[in-house]
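These notes concern the structure reproduced below.
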Amino acid sequence: MTELTAQQTAQLDQVLTGRYRTLMSEVQEEMERTGNIQYVEVMGRAPGDIGDASVADAIADLNLAIVDRQIHEMRDIEAAKRRIKAGDYGVCADCGAGIGFDRLMAYPTAKRCIACQQQHEHIYAGQTRPSL
5 MTELTAQQTA QLDQVLTGRY RTLMSEVQEE MERTGNIQYV EVMGRAPGDI
55 GDASVADAIA DLNLAIVDRQ IHEMRDIEAA KRRIKAGDYG VCADCGAGIG
105 FDRLMAYPTA KRCIACQQQH EHIYAGQTRP SL
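See the structure below:
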C-alpha cells in the first residue's frame, strides 16, 4: 500500500479546499443570478406562447441541474475531508490498497483505486437511479 506523505496530504487538502470554495461561489452566484430571471425574461416577452414557456422551463431545469451537480461535488469534497481527518484518505474503500498521489491530484475525491473503480463502473454501468 502506497501511503501519502504529510506534505502530499496537505497539498491535496488545499486542492479540495480551493475547489470547495470555487463551487460554493458558483452556487451562490447561480442562485442569486437566476432567481428565475431567465424564466421572467422569456415569459415577459410578448406574445408569450407555449414554446416560450417550454424554453423557460428548460433553462430553469438546466440551471437546477448545474447547481445539483455542483452540490453533489461539494458533498464529495466534504466526505474526502472527513476521510483526511479520520486517516482513511488515499485508501481504497473496496480493497484497502493505496490510491496513488497522481490519481488523487487528478481526482481528489476518489474513493477507489483505479482497478476497483473500473470494476465498480463495469458492474454498475447502465444502472439508473430509481424513480417514482
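By the count of our numbering, the sequence shown reaches residue 136 at its end, each step adding exactly one. All C-beta atoms, glycine included, are put in the ideal place defined by N, C-alpha and C.
- The shortest CA-to-CA distance from Tyr111 to any of His126, Tyr128, Ala84 is the one to Ala84.
- Residue pairing from DSSP places Val95 in a beta bridge opposite Gly102.
- For Glu7, there is no enclosing alpha helix (DSSP H), since its DSSP letter is neither H nor E.
- Boundaries of the alpha helix (DSSP H) around Cys120: 118-128.
- With a 10 Å radius around the Cβ and a threshold of 16 neighbouring Cβ atoms, Ala114 comes out buried.
- In chain order, Cys96, Ala101, Ile103 place their CB closer than 6 angstroms to the CB of Cys117, counting only its own chain and leaving out the 5 sequence neighbours on each side.
- Cβ neighbours of Glu77 within its own chain (closer than 8 angstroms, five residues either side excluded): Arg23, Leu27, Thr113.
- Excluding its 5 nearest sequence neighbours in each direction, Leu8 has C-beta neighbours in its own chain below 8 angstroms: Leu16, Tyr93, Gly94, Gly102, Phe105, Leu108, listed in chain order.
- With respect to Ile81, Leu20 sits close: the two C-beta atoms are nearer than 8 angstroms.
- With a contact defined as Cβ atoms closer than 8 angstroms, Asn67 and Glu30 miss out at about 12 angstroms.
- Your pair Ile88 and Thr13 checks out as a contact, with CB atoms roughly 6 angstroms apart and the cut at 8 angstroms.
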